[in-house]
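Please read the structure below before turning to the comments.
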Amino acid sequence: MKMLDRFGRATTNFFEYAGGVTLLSAESVGFMARLRIRAGETVSQCAILGVQSIVIVILTALFTGMVISLESAQQAVAYGFSGFVGGAVAYGTVRELGPMLTAVVVAGRVGSAIAAELGSMVVTEQIEALRSMGLQPARFLVVPRLTALLLMLPLLTIFADVVSIAGGMWVAQAYAHIPYATFLSSVRQSIDFPDVVKGLIKSFVFATIIVMVGAYQGLSTRGGAAGVGQAVTGAVVLAIILIFASNFVLSFLLFG
Amino acid sequence: MVDVTLAFGERVVLKDCSLDIVEGAITCIIGLSGAGKSTILRLLDGLLLPDAGHVYVRGKDICHMTEEQRNEVRKKISLSFQFSALLDSLTVGENVALPLREHTRLSEAEIRRTVMDALESVGLTDAYENLPAELSGGMLKRAGFARAIVTRPELVLYDEPTTGLDPIVTNLITDTILRLRAKLGGTAVVISHDLPSIFAMADYVAMLFEGGIIAYDTADRIRSSRNPIVAQFLEGSEVGPIPI
């Protein structure tokens, strides 16, 4: 009986959460569609969420590209396929690792920040104050962050792709003596423009996941500091799981 | 409010509670901590909806409105929060200007002038550029008042405006509420535990106890009330019908 009770509660909580995120997303998209976007705040969020994430994204992408190159160059040289290393790095980066790793890194940094900020605003009654002034928290707080990350995450992904390939190219040259020209030629042969576009489509979906999960977690914070902590942890963990799961679905739909 | 019942989970906070706020007067609601006084303010502002009963603002039941319709009603009501609830990312000036920027088509010059007027009413013109974190408790409360009155609302709700303040600042806050009422007119509802402050400003006093209003009369009559619960509360006595 207890098992059944727990299962029932878990199911209810799941649908309540999914419904809450969906409603918040629909409300936010509704405001965006009607162009009810606070431009100044959106620019400010572009700087906070996007520009301030550049260093961490570049470092992650650089080392990832270098590792892929290191591993593939080792094998490629051993089997005489050194001309394919560039393709291996670019293929994996542009279609999968670039969008996904950028999203995961940004989820850790930005998703947690959104949940913490909105959660703190809930416990200090600032969200209630907005509502009492007849202002909708979705338009006032969520829409600028969503718009900003929809603009910035694809740009960060492009940065990540370029840096990752550049890092891989340097390691391939330094470690396996593969000339830059050979590496770049292999890159050009293995990826084309639609691959880049599909990678960017993924980043739009990931941006929506990061902001909406972070915002919903923040806005549904209960209690004091402990509640904010739980909201932050939940935002990061759930966003990363959803990014991985949706990446599989998107890869299947776009490249399958 | 008519026959309002509201529960949070298993805990029934208000049960068939009715209260008719007198227009143009200052009404103070008193009661034990956790009795549901702040809940009444949130019901009046439509931030909470009752499980049963009705809340009428100017004859319209706000419980059966859409959120957009309630937002329209809220433009005529202001809630001043216990801990001021200023947005900590904005300066005091930007906080006070927020409802004007969002709900009016005033020019920036007009907004600045109106904001300075509101800040002057609460004696805070020097704090225009300060962030909320740079203000003392009393200044925060007054900045919250300025935001509450900047749109000249018909009804101002004050949630524990003097709680946690020293006696001098408490007097200052009480005077500020009275001056704002004299300057702007309108109706005010104040939640407070501070009896000297309540009887200094209230036209009417309502006492909330065990989910309902058990006494509601002019401040003078409440002060001399023979209701044992009211008398015990006003005396601050441990002996009487109120369970400790």
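In the order they appear, the protein sequences are chains P and C. Residue numbering for the first sequence follows the working numbering, starting at 1 and increasing by one per position. Residue numbering for the second sequence follows the working numbering, starting at 1001 and increasing by one per position. Cβ coordinates follow ideal geometry from the N, Cα and C atoms, glycine included. Please read these numbers as outputs of a predicted model, since none were measured by experiment.
- Straight-line measurement puts the Cα of V1004/C at about 6 Å from the Cα of A1052/C.
- Between M121/P and P1099/C, the C-beta spacing is not below 7 Å.
- Rounded to the nearest whole angstrom, the CA to CA distance from G50/P to F15/P is 31 Å.
- In chain order, P137 place their CB closer than 8 Å to the CB of R131/P, counting only its own chain and leaving out the 5 sequence neighbours on each side.
- Contacts with chain C at 7 Å (Cβ-Cβ) include Q126/P.
- Closest in alpha carbon position to A33/P, among T124/P, V85/P, L146/P, is L146/P.
- For Y1158/C, the uninterrupted beta strand (DSSP E) segment begins and ends at 1155-1159.
- Using beta-carbon distances, R1074/C counts as an interface residue toward chain P, with a partner under 7 Å.
- The alpha helix (DSSP H) runs of length 4 or more contained entirely in the region 60-143 of chain P are, from start to end of the chain, 85-92, 98-106, 112-123, 126-132.
- The Cβ-Cβ distance between S53/P and R95/P does not fall below 7 Å.
- A contact between stretches requires three or more CB pairs, one per stretch, nearer than 8 Å, and the region 102-116 of chain P fails this requirement with the region 5-22 of chain P.
- Proximity to L153/P across K2/P, S72/P, V105/P peaks at V105/P, based on C-alpha coordinates.
- Interface criterion not met: the Cβ of L1048/C is under 7 Å from no Cβ in chain P.
- A direct Cα-to-Cα measurement between L1086/C and G256/P gives close to 51 Å.
- For a Cβ distance threshold of 7 Å, residue set E1102 of chain C lies close to L135/P, ordered along the chain.
- In the DSSP assignment, Y1128/C falls outside any alpha helix (DSSP H), carrying neither H nor E.
- If only complete runs of 3 or more residues are kept, the region 1022-1091 of chain C shows the beta strand (DSSP E) at 1026-1031, 1052-1054, 1077-1080, in order along the chain.
- Residue state for M1207/C is assigned as strand, using DSSP reduced to three classes.
- Scanning T60/P, V163/P, V29/P for the CA closest to the CA of A103/P turns up T60/P.
- Under the three-pair Cβ rule at 8 Å, the region 1164-1181 of chain C does not count as touching the region 236-249 of chain P.
- Selection V163/P, L150/P, I178/P evaluated against V205/P yields L150/P as nearest (Cα-Cα).
- In this structure Q74/P is exposed. Its beta-carbon is surrounded by fewer than 16 other beta-carbon atoms within 10 angstroms.
- In terms of Cβ geometry, D1045/C and I1077/C form a close pair [threshold 7 Å].
- Separation of the CB atoms of N1071/C and R1147/C is rounded to 17 Å, and the pair is thereby denied contact status at 8 Å.
- Short of 7 Å from the beta carbon of I1026/C, and not among the five residues preceding or following it, lie these beta carbons of its own chain, in chain order: R1181, A1188, V1190, M1201, A1202, D1203.
- Along the region 1095-1126 of chain C, going in chain order, the ones with a CB nearer than 8 Å to a CB of chain P are L1098, P1099, E1102, H1103.
- DSSP lists V1205/C as the bridge partner or partners of D1217/C.
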